[in-house]
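Residue numbering for the sequence shown follows the numbering used here, beginning at 25 and increasing consecutively.
Glycine is no exception: its CB is placed at the ideal position from the N, C-alpha and C atoms.
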Amino acid sequence: MTPNELRDFLNEKVERYNRPDFISSDPIQIPHQFSQKEDIEIVGFLAATIAWGNRKMIIKSAQSLIERMGNAPYDFVMTHRESHLEPLDGFVHRTFNATDVKTFIRGLRHVYTQHGGMEALFEKYHTSHSMQPAISAFKKHFFEIAHEERTQKHISDPLNNSAAKRINMFLRWMVRQDKKGVDLGLWKNIPMAALSCPLDVHSGNVARKLGLLSRKQNDAKALVELDTALRALDPYDPVKYDFALFGLGVFEQF
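Here's what the structure looks like:
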């Protein structure tokens, strides 16, 4: 395909998958359940954190977390005492367990009380063309609280050559805004042009078949290569193509 043909092909797939009926089968349905900004941020962050494996199980586990927080996540985060964390005992999703959840609750309160919230942190550290320095800085500040070392693995660091798929997906949810109703677009002061495509097995394989990516590993270097290719197609809203790559890989077995 020529560059124009590729753009037209991918734009068609974006139109097919970037629509409200996508929500019911995707973890993005979790933050869509809430209306308060901080509630949306918190449950979106938690849902994205556990977004690996079967999507039905991801949604089920995220729903369980919401219920364990009394369906009031921001209030739970900000007002909890240690005894209030007992409902989180027994939670497990893959390698993310109750110890990790409790640490995340404490880390989130630290971010809101000491750093002005998640949006403020990401806004402070992003550049005009990348969120990856902001992700690394967010992780550093998030774990300023006491924590077990094992829990750190649940927030990837792009500066350690991670593609940081799950947190880049969270950022797409929070920042990207259009009139389709899927992404939430809560954070208005971060440019969509700075977002990176969530890179995983499906999107990586499709990108390689389409000639958008040559690097074999799904790591930070591959993310830069894919970002460059997608920004050439749409410099203003490059991560809209996540819908195309995901849909082609998961729904069409491209």
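Per DSSP, the beta-bridge partners of Ser186 are Asp243. Ala158 is the residue among Ala158, Leu183 and Lys264 whose C-alpha sits nearest the C-alpha of Ile214. In the DSSP assignment, Leu208 falls outside any alpha helix (DSSP H), carrying neither H nor E. Taking 9 angstroms as the cut-off, the Cβ atoms of Ser152 and Asn192 do not count as close. According to DSSP, residue pairing for Thr151 in a beta bridge involves Ser154. In this chain, the alpha helix (DSSP H) harbouring Ser227 covers Val225 to Lys233.
Beta-bridge annotation (DSSP): Phe120 is paired with His117. Residue state for Met216 is assigned as helix, using DSSP reduced to three classes.
A straight-line Cα-Cα distance of about 42 angstroms links Arg92 and Lys233. Contact between the region 60 to 78 and the region 104 to 122 is present: 3 or more CB-CB pairs across the two stretches fall below 8 angstroms. Assigned with DSSP and collapsed to three states, Thr26 falls in coil, not helix or strand. Per DSSP, reduced to three states, the secondary structure at Gly271 is helical.
Around the beta carbon of Gly228, 16 or more other beta carbons lie within 10 angstroms, which makes this residue buried.
Within the model, the alpha-carbon separation for Glu65 versus Leu30 is close to 34 angstroms.
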